[in-house]
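Below: one structure, written as structure tokens.
There are 2 protein chains.
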Amino acid sequence: MTANLFQTLYNHPLINSDNLQEIISLHTKIVLQKNDFLLEEGKMANAYFLVEAGLIRFYVNDFNGNEITTQFICENEIANEVSSLFQRIPSVQNIQAVTDAIVWKIDFNDFQHLYHSMESVREWGREWMSAQLFQTQQRSIEMITQSASFRYLHLMENRPQIIQQAPLKQIASYLGIADTSLSRIRKDLVSS
Amino acid sequence: MTANLFQTLYNHPLINSDNLQEIISLHTKIVLQKNDFLLEEGKMANAYFLVEAGLIRFYVNDFNGNEITTQFICENEIANEVSSLFQRIPSVQNIQAVTDAIVWKIDFNDFQHLYHSMESVREWGREWMSAQLFQTQQRSIEMITQSASFRYLHLMENRPQIIQQAPLKQIASYLGIADTSLSRIRKDLVSS
DNA sequence: AAAACCACTTTACATAGGTCAAGAAATACT
DNA sequence: AGTATTTCTTGACCTATGTAAAGTGGTTTT
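The listed protein sequences derive, respectively, from chains A and B. Going by our numbering, the residue at position 54 of the first sequence is 54; the numbering climbs one at a time, nothing skipped. Residues are numbered in our numbering as their position in the second sequence, beginning at 1, plus a constant of 192.
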């Protein structure tokens with residue numbers, strides 16, 4: 001249930017239960033329907049979101065007008081368009097609900113207060129961003145060194161929620177391949 | 193010259209000249225020879241580095257034992273293995289001088305002091321990390337949507353220092369292609 | 001229940017880029 | 001200077017993945 005969401009996501013040695021209560025009190029619940037937007041490109045992010053239920057994605061439009069899904073945010077993860085939120089500039093990304101979803105929002109100003117008043121939140125925040133950067137880099141490396149089918153299998157093992165809930169087209173662009181190729185990969189997996 | 197390096201890299205509306213002096217005082221100069229390491233995989237990062245002169249690269253070893261250059265750090269940029277430094281865990285990346293170089297180092301503990309005592313440094317640091325994340329994501333998108341030769345030309349326009357100073361093999365792995373392919377791309381560019 | 005639409009699959013064909021192996025050119029080593 | 005080593009180029013061939021277009025099945029709209 002919900003308390004567990006906060007405990008999981010704000011888990012850090014320096015964050016004690018008083019800290020946590022104060023943090024939690026600044027979040028508000030949002031219920032989303034499939035395809036609802038949390039952020040649209042061109043607008044500045046003014047909050048980030050903890051995902052309690054459902055699946056969220058980030059995507060950009062490339063020059064050809066194709067949507068490229070750049071991130072999936074599963075349950076018990078954080079949806080934060082860091083670049084727009086912390087540099088105070090318009091976002092190039094869209095954040096959209098892939099399924100019906102429940103998220104908890106915290107506004108920039110409220111987070112700003114926590115960040116500058118609580119050492120524990122600063123440490124937590126910096127670690128979270130470091131981990132994001134690490135993951136993004138690992139994904140790049142995987143794109144360079146591994147085949148599309150390996151990447152698909154890897155995603156299937158590590159983040160099955162995505163495979164189950166996202167449409168093929170979104171998964172394909174996330175893996176960096178054409179949707180027809182992903183369809184082929186799936187067929188080959190069945191027959192082997 | 194050197195003062196300019198700090199002004200450029202610690203440029204932020206909240207950082208005033210007193211702040212800057214304090215920041216600068218915690219850096220020490222390091223002279224590197226080609227191929228010297230600033231960080232080796234398996235070890236924990238304990239500092240980050242401002243690059244005054246020369247070219248630095250980050251690389252990882254993939255499963256086949258191939259080196260993959262994941263980042264180039266040019267003059268007036270910062271070399272920081274964020275994930276290891278801020279999560280206090282061993283690095284999977286190596287940081288190495290591609291050419292002879294001059295860098296300025298700041299130790300984790302000293303930065304930690306600045307970060308928790310000066311709001312301006314916190315804001316600066318968070319923005320710098322946001323920008324890093326943005327760049328990393330943009331590079332991923334480029335890898336998916338653009339051809340190898342486009343990526344090469346793009347690098348040539350935006351970061352010519354890399355093309356001039358790094359060996360072909362490192363550039364190729366950074367672009368996500370085989371070195372023979374990059375050689376071919378170069379040939380085709382000459383003849384067109 | 002038609003019609004329209006959407007998500008996915010399948011086939012045929014095209015091509016960017018990979019692999020391997022052989023040379024050439026440059027650099028470093030003794 | 002001469003040898004060894006690394007770096008880069010080139011050619012022949014191969015394969016993973018892209019593109020385009022048609023087909024299938026399911027879902028929504030009217």
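Every residue, glycine too, gets a C-beta built ideally from N, C-alpha and C. Fair warning: this is a prediction, and the values are worked out from it, not measured in the lab.
| Asked | Found |
| --- | --- |
| Output, in sequence order along the chain, the residues in the segment 258-279 of chain B whose CB is closer than 7 Å to any CB in chain A. | Ile260, Thr262, Val274, Ser275, Phe278 and Gln279 |
| Check this for me: beta carbons of serine 322(B) and phenylalanine 86(A), under 8 Å apart or not? | yes |
| Count the other C-beta atoms from every protein chain shown that fall within 10 angstroms of the C-beta of valine 223(B), then say buried if there are 16 or more, exposed otherwise. | exposed |
| Run down chain A in chain order and give the residues with a C-beta less than 9 Å from the C-beta of glycine 234(B). | Result: empty, since nearest Cβ-Cβ is about 16 Å, beyond 9 Å. |
| When the Cα atoms are used, what is the spatial distance from alanine 358(B) to threonine 372(B)? | 16 Å |
| Using a Cβ-Cβ cutoff of less than 8 Å, which residues in the same chain neighbour asparagine 64(A) once the five nearest sequence positions on both sides are dropped? | none |
| With 16 as the cutoff for other CB atoms within 10 Å, does alanine 195(B) come out buried or exposed? | exposed |
| If you count every other CB in all the chains shown that lies within 10 Å of the CB of asparagine 11(A), and 16 or more means buried, which is it? | exposed |
| Who are the near neighbours of valine 60(A) in its chain, counting only those whose CB is closer than 8 Å to its CB and skipping five residues on each side? | Glu41, Glu67, Ile68, Thr70, Val92, Gln93 and Asn94 |
| Could you name the residues that DSSP lists as bridge partners for valine 103(A)? | Ile30(A) and Val51(A) |
| Of all Cβ atoms in chain B, is any one closer than 8 Å to the Cβ of methionine 220(A)? | Nothing can be reported for residue 220(A): it is not among the residues displayed for chain A, which extend from 1 to 192. |
| Can you tell me whether histidine 27(A) is buried or exposed, with buried defined as 16 or more other CB within 10 angstroms of its CB? | buried |
| Residues in the same chain with beta-carbon distance under 7 Å from leucine 189(A), minus the five sequence neighbours each way, listed in chain order, please. | none |
| Under 8 Å between the Cβ atoms of glutamate 244(B) and leucine 197(B)? | yes |
| Using alpha carbons as the reference points, say which of Ser375(B), Ile215(B) and Phe264(B) lies closest to glutamine 353(B). | Phe264(B) |
| At a CB-CB cut-off below 8 Å, which residues of chain B make contact with histidine 116(A)? | Glu311 and Arg314 |
| Could you tell me the distance, in whole angstroms, from the CA atom of arginine 159(A) to the CA atom of alanine 47(A)? | 25 Å |
| Glutamine 304(B) to leucine 360(B), Cα distance in whole Å? | 38 Å |
| Using a Cβ-Cβ cut-off of 8 Å, state whether leucine 39(A) counts as contacting chain B. | no |
| Along the segment 329-360 of chain B, where does the CB come closer than 7 Å to a CB of chain A? Name the residues. | Gln329, Arg331, Ser332, Ile333, Met335, Ile336 and Thr337 |
| Could you tell me the distance, in whole angstroms, from the CA atom of histidine 154(A) to the CA atom of methionine 310(B)? | 42 Å |
| Exposed or buried, what is glutamate 157(A) when buried is set at 16 or more other beta-carbons lying within 10 Å of its beta-carbon? | exposed |
| Within this structure, are the beta carbons of leucine 325(B) and threonine 136(A) separated by less than 8 Å? | yes |
| Between which two residues does the alpha helix (DSSP H) carrying glutamine 138(A) extend? | 119-145 |
| Quick one: what's got a C-beta closer than 8 Å to aspartate 107(A)'s C-beta in the same chain, skipping five residues either side? | Leu26, Asn46 and Ala47 |
| Per DSSP, what kind of secondary structure is glutamate 349(B) in: helix, strand or coil? | helix |
| Do serine 332(B) and serine 140(A) have their CB atoms nearer than 8 Å? | yes |
| When you compare the CB of alanine 131(A) with every CB in chain B, is at least one pair closer than 8 Å? | yes |
| List, in chain order, every chain B residue whose beta-carbon is nearer than 7 Å to that of valine 60(A). | Ile333 |
| Are the beta-carbon atoms belonging to valine 98(A) and isoleucine 56(A) less than 8 Å from one another? | yes |
| In terms of residue numbering, what span does the beta strand (DSSP E) encompassing tyrosine 251(B) cover? | 248-253 |
| Does glycine 176(A) come within less than 8 Å of chain B when only Cβ atoms are used? | yes |
| Run through chain A and tell me which residues come within less than 8 Å of glutamate 244(B), C-beta to C-beta. | In chain order: nothing, as chain A lies at least about 24 Å away. |
| What residue from Trp124(A), Cys74(A) and Glu81(A) has the CA that sits closest to isoleucine 15(A)'s CA? | Trp124(A) |
| If distances are taken between C-alpha atoms only, which option among Leu39(A), Ser120(A) and Ser191(A) comes closest to serine 199(A)? | What is shown of chain A runs 1 to 192, which leaves residue 199(A) out entirely. |
| Report yes if the C-beta distance between phenylalanine 37(A) and alanine 79(A) is below 8 Å; otherwise report no. | no |
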